[in-house]
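In the numbering used here, the protein residues as written are 250 to 576.
Even glycine gets a Cβ: it sits at the ideal position worked out from N, Cα and C.
Before any comments, here is the structure.
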Ligand SMILES: C[S@@+](CC[C@H](N)C(=O)[O-])C[C@H]1O[C@@H](n2cnc3c(N)ncnc32)[C@H](O)[C@@H]1O
């Protein structure tokens, strides 16, 4: 593959930060480690494999919706702007929009450095007319758009229902941050998983091939290999269930026996059955999501659903602040 030059910005989301966050998370009750730490190169590949699983309806459902709404998205957004994909991963879904939307520039943002590099390189090769940029950064922190990406009209794209990984107050803060990134005349196209029969959800996060389990357990391999933690990855198992009261799938790593994790001279003891909470995936109704979006200063302009109402894609535009009236 001929490689086109790509502007690659690296904020170096650092192992030091990971170490600090993991130490805090293991010391807290309940114990928790943020899902962003799933994603090293192996984690990103495992997530990509999850997207292909028969039980994992979100990816194929969202892709079907994007295929059918691409022209309408193009009409709403207009051409020649900058398309900013947050948590771009394999940058596959964006391909369903590019020919219709015809942006001038694409900026992929992800925390998984090498996977991001490879994905945008493939994109640049396949779309020679598109200016491609990438930024390896943690989108949970405040960040500036690099280079020319801050200029002109902007459409942010946040697929995969990654918004569901945030606690509702963090989701609100994130949407506010996105609004600031794309203001004054930009918009956000976002994929949001819907509330549904818990059995469908249970199957999606407990696949029979055990890929989601590998993805969850990959976190422990990162702690061992990157942070030097002393632990036995076989000593934990994957658990995912739908918490009806909270409207979310929860993923946990459950200790199979009494054991310790040692990290940086500290000892974290686990009794059999004790858990590390690794991910939430909140599910929304359309109305719940619209309330969240409006709270962040984004106006729901259009929502598209699949025929079984499993998944939704929303086009939200920035609500311009009304100017103070002249006296
Ligand atoms: C659920 S996957 C979705 C991937 C892809 N967009 C899709 O829809 O299939 C979440 C993506 O966001 C990235 N990610 C997760 N937390 C992040 C963070 N805090 N900052 C930047 N990227 C993050 C992961 O590396 C991963 O590519």
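Taking only the alpha-carbon atoms, compute the straight-line gap between residue i and residue j and give it to the nearest angstrom.
i, j, result
"residue 518", "residue 476", "18 Å"
"residue 294", "residue 308", "15 Å"
"residue 505", "residue 484", "5 Å"
"residue 456", "residue 493", "20 Å"
"residue 436", "residue 384", "20 Å"
"residue 215", "residue 478", "With the chain represented from 250 up to 576, any question about residue 215 goes unanswered, as that position is not in the structure."
"residue 474", "residue 482", "11 Å"
"residue 576", "residue 569", "Annotation note: pLDDT 41 at residue 576 (below 50); position unreliable, coordinate value reported separately. Their backbone Cα atoms lie some 21 Å apart in a straight line."
"residue 454", "residue 520", "25 Å"
Can you look up residue i in the DSSP assignment and give me helix, strand or coil?
i, result
"residue 482", "helix"
"residue 576", "Residue placement at residue 576 is flagged as unreliable, the pLDDT there being 41, under the threshold of 50; the coordinate-derived value follows with that caveat. It is coil, neither helix nor strand."
"residue 357", "strand"
"residue 296", "helix"
"residue 445", "coil"
"residue 331", "strand"
"residue 288", "coil"
"residue 492", "strand"
"residue 307", "helix"
"residue 278", "coil"
"residue 376", "coil"
"residue 517", "strand"
"residue 381", "strand"
"residue 339", "coil"
Does the distance from the CB of residue i to the CB of residue j come in under 8 Å?
i, j, result
"residue 567", "residue 428", "yes"
"residue 343", "residue 406", "yes"
"residue 411", "residue 357", "no"
Less than 7 Å between the CB of residue i and some heavy atom of ligand 1, yes or no?
i, result
"residue 274", "no"
"residue 357", "no"
"residue 504", "no"
"residue 411", "yes"
"residue 493", "no"
"residue 266", "no"
"residue 328", "no"
"residue 296", "yes"
Exercise. May I ask you to verify whether the segment 413-423 touches the segment 446-456, counting CB pairs closer than 8 Å and requiring at least 3?
Key: no
Exercise. Mind the definition here: the segment 549-564 touches the segment 298-318 only if three or more C-beta pairs lie below 8 Å; say whether that holds.
Key: Cβ pair count under 8 Å is three or more, so yes.
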